[in-house]
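**Q** According to our numbering, the sequence shown is numbered sequentially starting from 1117.
The structure is given below, and queries will be raised subsequently.
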Amino acid sequence: MSPFYSFTPNSTSIEYPWPVSLTGTERVMLAAQGNLQKCLSAFFARPIGVTLVYANTFSTTKEGQYNPTTLPDPELVQSASKEQPAFQRRQVYLECNGKIVCTCTSSVTMSNPTVANLFLVEKYPIGQTFSKLGKAANFELVEVGFGEPPSGTGKEEPQGPTKPTDDSALWRRYRLFVEDFECDILEVFPSRRMFSFGEPWLTGTLPLDARTTTSDSDWKSTVLRFSLIFLFALWIAILFLHRSS
């Protein structure tokens, strides 16, 4: 597969086997590389806040076992290495106008004391940690899906519908990494309607005809049903006129 992002002196390209039903706005959000908050803020024209849900920190053994620890933990920070990295599993909500617009679950691996200090002690967010290291993060878009997302940032099979509706959740899993700092991230957008309707979705003022989910199959069934009703009514009318004459 070609690199996700590539450029030449005369062109720029983002290549990924996108699901056919995605809109342009959805592709822009799913392709965001460390600037999702900026993209969402520009889309809604409102500030995007961050609320921490949990942050569970672990030390690791040479055998690969995870041992929970409580911060501050100077020994964990100073001993972080490739053989025994510091590890944190965290989840945050991105919120706009009091509404959750994205749930972000991250698995963060730190393999040297400098990185562990920036992230665990000085508490820089993921994107700013890369900036403090003076390194541009490598980006790998691992998977995109609709409906129920994987239960974590591992490689579980998605459980969502194979044919998305306009109200399906939308999610992506991706990796950001440089030497000694790696982040595996799952981001879930609660509804595709947020990108279709924007402000009305955010403020709860969707028009009545947009508040019910309609899939392609539902729409076809509805059209067929009304067509049959119309044909039956037409047959009754013709029969009545025939008898009258």
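Ideal placement from N, C-alpha and C gives every residue a C-beta, glycine not left out.
All values derive from a computational prediction rather than experimental measurement.
What are the boundary residues of the beta strand (DSSP E) that GLN1207 is part of?
**A** Looking at the DSSP string, the run of the beta strand (DSSP E) that includes GLN1207 is 1202 to 1212.
**Q** PHE1235 to LEU1187, Cα distance in whole Å?
**A** Computed Cα separation, rounded: 12 Å.
**Q** So, does the stretch 1158 to 1165 touch the stretch 1282 to 1290, judging by three or more C-beta pairs under 8 Å?
**A** Counting Cβ pairs under 8 Å, fewer than three are found: no touch.
**Q** Leaving out five residues before and five after THR1176 in sequence, what residues of the same chain have Cβ atoms less than 7 Å from its Cβ?
**A** Counting only Cβ-Cβ distances below 7 Å, and skipping sequence neighbours, we find TYR1182, GLN1200, PRO1201 and PHE1203.
**Q** Does the separation of the CB atoms of VAL1294 and ALA1253 fall below 7 Å?
**A** Taking 7 Å as the Cβ cut-off, VAL1294 and ALA1253 qualify as a contacting pair.
**Q** Just to confirm the assignment, what range does the beta strand (DSSP E) spanning GLU1259 have?
**A** Its beta strand (DSSP E) spans residues 1254 to 1262.
**Q** Where does ALA1196 sit, in a helix, a strand or coil, going by DSSP?
**A** Of the three classes helix, strand and coil, the one that applies to ALA1196 here is coil, per DSSP.
**Q** Count the other C-beta atoms from every protein chain shown that fall within 10 angstroms of the C-beta of GLN1153, then say buried if there are 16 or more, exposed otherwise.
**A** Looking at its Cβ environment, which holds 16 or more other Cβ atoms inside 10 Å, GLN1153 is buried.
**Q** Ends of the beta strand (DSSP E) at TRP1386?
**A** Nothing can be reported for residue 1386: it is not among the residues displayed for the chain, which extend from 1117 to 1361.
**Q** In whole angstroms, what separates the C-alpha of TRP1317 from that of ARG1308?
**A** Roughly 10 Å separates the two Cα atoms.
**Q** Going along the chain, which residues of its own chain have a beta-carbon closer than 7 Å to the beta-carbon of ALA1349, five neighbours each way excluded?
**A** If we look at ALA1349 and ignore the five residues flanking it on each side, it has no Cβ neighbours.
**Q** For GLU1259, which residues of its own chain have a beta-carbon under 6 Å away from its beta-carbon, when the five flanking residues on both sides are left out?
**A** Once the five neighbours on either side are set aside, the close Cβ partners of GLU1259 are ARG1289.
**Q** Threshold first: 4 residues or longer. Then list the alpha helix (DSSP H) segments lying entirely within the stretch 1122 to 1205, N to C.
**A** With a minimum length of 4 residues, the continuous alpha helix (DSSP H) runs that stay inside the stretch 1122 to 1205 are 1140 to 1146, 1152 to 1160 and 1190 to 1195.
**Q** Return the chain-ordered list of same chain residues with a C-beta closer than 6 Å to the C-beta of GLU1303, the five sequence neighbours on each side being excluded.
**A** Excluding sequence neighbours, GLU1303 sits near CYS1218, CYS1220 and ARG1288.
**Q** Report the partner residues of ILE1354 according to the DSSP bridge assignment.
**A** ILE1354 pairs with nothing; no bridge assigned.
**Q** CB-CB under 8 Å to GLY1150, same chain, minus the five flanking residues each way: which ones, in chain order?
**A** Excluding residues within five positions, the ones whose Cβ falls inside 8 Å are ILE1242, GLY1243, PHE1246, ALA1253, PHE1255 and LEU1292.
**Q** GLY1180: which of GLY1165, VAL1237 and LYS1198 sits nearest, CA to CA?
**A** The residue with the shortest Cα to Cα distance from GLY1180 is LYS1198.
**Q** Between PRO1190, SER1227 and LEU1257, which lies nearest to GLU1238 when the distance is taken from Cα to Cα?
**A** Nearest option by C-alpha distance: PRO1190.
**Q** Under 7 Å, do SER1227 and ARG1205 count as touching if we go by C-beta distance?
**A** It is not a contact, given that the beta carbons lie outside the stated cut-off.
**Q** Among PHE1120, THR1230 and VAL1166, which has the Cα closest to the Cα of TRP1134?
**A** Cα-wise, what sits closest to TRP1134 is PHE1120.
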